[in-house]
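I have placed the structure first, in the form of C-alpha cells, so that the comments after it can refer back to it.
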Amino acid sequence: MTYDEIIELFSKLGVLRSGHFLLTSGLHSNKYLQCAQLFQHPEATSKICRQLAEQLAGLDIQTVIGPATGAIILSYEMGRQLGTRSIFAEREGGKMTLRRGFHVKPGERMLVVEDVVTTGGSVKEVISVVKELGGEVAAVAALVDRSGGKVDFGVPTHYLLKLQVDSYSPEKCPLCKKGLQITKPGSRKLT
Ligand SMILES: [Zn+2]
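7 is the number of the first residue of the sequence shown in the working numbering; add one for each residue after it.
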C-alpha cells in the first residue's frame with residue numbers, strides 16, 4: 007500500500023478525520039485520529055499490520071508488547087503477522103506493569119508497539135518495564151507518528167505513517183476564526 011492508499015483507507019474507516027475538534031486537553035485541532043475505528047475491522051487491521059510487519063523482517067522478534075488498551079489489538083495482530091507471542095502492559099496504581107501472568111524472559115527480543123505516538127510516554131514506560139525484566143527492546147513500531155519526528159526511543163523505530171496534526175489554543179484557533187463548528191470526538195483517548 008502506498009502512503010495515499012493508507013490515508014484513503016484511514017479516512018474511509020473514520021480512523022483519520024479532518025475538521026475542527028475539541029481535544030480533551032482543551033486544545034483545538036484540525037485532525038482527529040481514532041485507531042479503534044480501524045481495529046473494529048479485523049480484515050483491514052490485518053492488512054495494515056502486514057504493511058508494518060514487512061518493515062520488521064530480520065529483527066528476530068520473539069514477543070510483541072504494547073500498552074493497554076489502545077495497543078492490545080495491535081500487539082495481537084502484529085504478533086500474528088510476525089509469528090510471535092503477543093502480550094500487553096497496563097497501568098496498576100498509575101504504574102505501567104505486566105499483569106495476568108505475563109512475563110518477559112531475560113534476553114527476550116521484544117517489539118514494542120503503539121497505535122499513535124504523540125509524546126511517546128506510554129511506549130517509554132513499556133520499554134522500562136521490558137528492560138527491568140531483562141528483556142531486550144529490538145524495535146518500536148507504531149501506526150502513526152504525530153510527534154513531528156520529535157520522539158526518540160533510543161531503538162530503531164518504524165512508523166506506517168507520519169502525520170502533521172496541528173493543534174491550537176482556543177484563542178488562536180484559525181478554525182474558530184473561520185466560524186467552523188467544533189466537534190468533541192467520542193473517546194477520551196486522543197493519542
Ligand atoms: Zn477552534
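All C-beta atoms, glycine included, are put in the ideal place defined by N, C-alpha and C.
- For the pair Asp-151 and Val-123, the CB atoms are nearer than the 7 Å cut-off.
- Using a C-beta cut-off of 8 Å, the segment 135-153 makes contact with the segment 101-116, since at least three inter-stretch Cβ pairs fall below that distance.
- In terms of Cβ geometry, Val-110 and Val-129 do not form a close pair [threshold 7 Å].
- For Arg-97, the closest C-alpha among the options Asp-158, Ala-42, Pro-73, Leu-149 is that of Pro-73.
- When beta bridges are read from the DSSP output, Ser-92 appears opposite Val-70.
- Shortest Cα-Cα distance from Lys-53 to any of Arg-91, Ser-24, Thr-8, Leu-65 involves Thr-8.
- Between the C-alpha atoms of Gln-40 and Phe-94 there is a straight-line separation of about 19 Å.
- Using a Cβ distance threshold of 7 Å, Thr-189 and Phe-45 do not count as a contacting pair.
- Counting only unbroken stretches of 4 or more residues, the alpha helix (DSSP H) elements lying wholly within the segment 127-188 are 127-138, 180-183, in sequence order.
- Thr-163 has its alpha-carbon roughly 28 Å from the corresponding atom of Arg-106.
- Taking the Cβ atoms as the reference, Ile-71 lies roughly 18 Å from Leu-166, outside the contact range of under 8 Å.
- With a threshold of 6 Å, the Cβ atom of Leu-181 counts as near ligand 1, since some heavy atom of the ligand is closer than that.
- Between Glu-14 and Thr-51, the C-beta gap is not smaller than 7 Å, which leaves the two residues out of contact.
- Looking at the DSSP output, Arg-56 shares a beta bridge with no other residue.
- Comparing C-alpha distances from Lys-168 to each of Gly-155, Val-132, Ala-63, Asn-36 shows the shortest one belongs to Gly-155.
- Excluding residues up to 5 positions away in sequence, Leu-88, Thr-90, Arg-115, Met-116, Leu-117, Ala-144, Ala-145 lie with their Cβ nearer than 8 Å to the Cβ of Ile-67 in the same chain.
- Across the set Gln-187, Asn-36, Val-135, Ile-78, the C-alpha of Ile-78 shows the shortest separation from the C-alpha of Asp-121.
- Spatial neighbours of Pro-191 in its own chain (CB-CB distance under 7 Å, excluding positions within 5 residues in sequence) are listed in chain order as Phe-27, Tyr-38, Gln-40.
- A straight-line Cα-Cα distance of about 14 Å links Gly-76 and Glu-131.
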